[in-house]
Amino acid sequence: MSLLSVKNLKKYYSAGLIKKHYSVKALDGVSFDIEPGELFGVIGESGCGKTTLGLVLSRLERETSGEITFKGLKLSGTLKLDSDTRRQIQIIFQNPYESFDPRLRIEQSLLLPMRINRICDNDAERREKILGYMKDAGFEPPDAFLNRYPHELSGGQLQRISIIRAMLLKPTFLVADECVSMLDLSVRASVVNLLLDLVEREKTTVLFITHDLSLAGHVCDRIMVLYLGKTVELSTAKRIVESPLHPYTRILMSYSPSIFKKREKISVKKLDVETAIGSGCVFAPRCPYSFEKCVEQMPPLIEIEPSHSVACWLYLKT
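FYI, the UniProt record's numbering numbers position 268 of the sequence shown as 268, with every residue one higher than the one before it.
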């Protein structure tokens with residue numbers, strides 16, 4: 001049985017004040033399953049719905065419609081979860097400085113959620129566990145860092161502590177939302193490696209959100225490509241990297257020189273949410289291969305090859 005099942009998930013935001021009102025479809029009919037222990041990647045440009053998906057799945061925002069099931073328990077329809085389910089679903093945010101209370105020392109920020117969730121029997125055991133995680137993350141001596149405030153740490157150090165804070169609660173499902181996008185290139189690898197080491201050790205299932213296709217291709221088992229709230233491609237990371245089908249995925253790859261150094265960059269128009277509102281394919285206004293049917297009807301997500309689904313009329317011609 002899948003750990004997490006998402007069916008026809010929609011999240012709409014109203015927009016427009018004086019002019020005609022319309023809905024921004026941050027998520028528009030997204031469906032997928034995540035298996036236990038899987039590292040499931042979600043990629044796309046800014047505004048494609050990645051972060052909204054993470055917030056909805058971690059129950060920090062309510063969906064407009066759709067069904068979310070976690071370990072057989074229906075989560076959709078309410079943001080109120082029992083304490084154990086809330087503990088099992090954790091999230092790491094993009095900006096670590098916004099996810100820590102600036103008035104609390106690091107040790108307090110790590111101890112408090114452990115107390116609330118009754119991790120370990122007492123503070124002495126909790127502190128011992130914290131010190132072990134800090135050493136694993138390369139903090140030496142760990143006590144010196146525990147006594148600091150968030151502003152006294154670098155972005156890379158604080159993001160590693162964000163990962164530690166989440167993993168100390170023994171989550172079953174972890175949302176990692178662009179967890180290295182704000183960091184210097186020199187420290188990204190160490191932060192990603194820490195995350196991978198801890199989730200592998202604890203057998204944690206991860207939703208890995210990123211705009212970096214090269215990173216997703218290296219660390220994920222499967223990848224879902226989102227564009228304006230729609231799933232346009234879904235397959236194993238290997239297939240997405242080696243045999244991309246959707247034009248949007250190919251464009252993302254052409255701008256990932258770390259993997260695709262020899263791919264020619266494809267020119268497309270800038271993203272315009274309002275021009276994508278209609279009955280046709282959401283990518284049609286930017287697609288260099290679009291034809292008449294693309295602007296008339298949104299293609300369904302169809303399995304073209306084993307374990308490889310795409311929503312594109314180029315592969316669905318009759």
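Even for Gly, the Cβ is constructed at its ideal location relative to N, Cα and C.
query: How many angstroms separate the CA atom of PRO306 from the CA atom of TYR227?; result: 22 Å
query: Should SER58 be labelled buried (16 or more other beta-carbon atoms within 10 Å of its own) or exposed?; result: buried
query: So the candidates are VAL192, LYS293, ASN193 and ALA176; which of them puts its Cα closest to the Cα of GLN94?; result: ALA176
query: Going along the chain, which residues of its own chain have a beta-carbon closer than 7 Å to the beta-carbon of LEU314, five neighbours each way excluded?; result: TYR289
query: Do ALA284 and PRO300 count as a contact pair if the criterion is CB distance below 9 Å?; result: no
query: Helix or strand or just coil, what does DSSP make of LEU228?; result: coil
query: Among the candidates SER99, SER65, GLU35 and PRO102, whose CA atom is the shortest distance from the CA of GLY29?; result: SER65
query: Residues in its own chain within less than 8 Å of ASN8 by CB, not counting five upstream and five downstream?; result: GLY29, VAL30, SER31, SER65, GLY66 and GLU67
query: Smallest Cα separation from PRO96: which of GLU45, GLY54 and ILE163?; result: ILE163
query: Which first and last residues belong to the alpha helix (DSSP H) in which ASP177 is found?; result: That residue, ASP177, is in no alpha helix (DSSP H); its beta strand (DSSP E) goes 173 to 177.
query: How would you call GLY72, buried or exposed, if buried means at least 16 neighbouring beta carbons within 10 angstroms?; result: exposed
query: Within a Cβ cutoff of 8 Å, which residues of the same chain sit near SER279, ignoring the five residues on either side of it in sequence?; result: GLU296, GLN297 and MET298
query: Where do the N-terminal and C-terminal ends of the beta strand (DSSP E) with GLY66 fall, by residue?; result: 65 to 70
query: Label TYR133 either buried or exposed according to how many other C-beta atoms from any shown protein chain fall within 10 Å of its C-beta, with 16 as the threshold for buried.; result: buried
query: Determine the contact status of TYR149 and ARG222, defining contact as a CB-CB distance below 9 Å.; result: no
query: In the DSSP output, which residue or residues are listed as bridge partners for LEU39?; result: VAL206
query: From what residue to what residue does the beta strand (DSSP E) around ILE163 run?; result: Per DSSP, ILE163 belongs to no beta strand (DSSP E); it is in the alpha helix (DSSP H), 155 to 167.
query: Go through its chain and collect everything with a Cβ distance to SER109's Cβ below 6 Å, but skip five positions before and after it.; result: PHE100
query: Under the DSSP definition of a beta bridge, which residues are partnered with ILE223?; result: GLY41 and SER235
query: Which same chain residues, not among the five before or five after ILE259, have their C-beta less than 8 Å away from its C-beta?; result: Any reading at ILE259 must be qualified, since the residue scores a pLDDT of 47, below 50, and its modelled position is unreliable; no value is offered.
query: Nearest by alpha-carbon distance to LEU131: which of THR85, ARG165 and ASP121 is it?; result: ARG165
query: Just the Cα atoms here: how many angstroms apart are LYS135 and LYS293?; result: 57 Å
query: Taking the alpha-carbon positions, what's the CYS120 to ARG239 distance?; result: 43 Å
query: Looking at the strands, I want to know which residues DSSP matches up with PHE145.; result: In the DSSP output, where bridge partners are listed per residue, PHE145 has none listed.
query: For PRO247, which residues of its own chain have a beta-carbon under 6 Å away from its beta-carbon, when the five flanking residues on both sides are left out?; result: CYS287 and TYR289
query: Kindly list the residues whose CB is nearer than 7 Å to the CB of LEU194, restricted to its own chain and excluding five residues on each side of it in sequence; keep chain order.; result: ALA137, ARG160 and ILE163
query: Which class does GLU140 belong to by DSSP, given the choice of helix, strand or coil?; result: coil
query: Would you mind working out which of THR78, ARG250, PHE291 and GLN157 sits nearest ILE140, comparing C-alpha positions?; result: Residue identity check: residue 140 is Glu in the sequence provided, not Ile. Out of THR78, ARG250, PHE291 and GLN157, GLN157 has the C-alpha closest to the C-alpha of GLU140.
query: GLY54: buried (16+ other C-beta within 10 angstroms of its C-beta) or exposed?; result: buried
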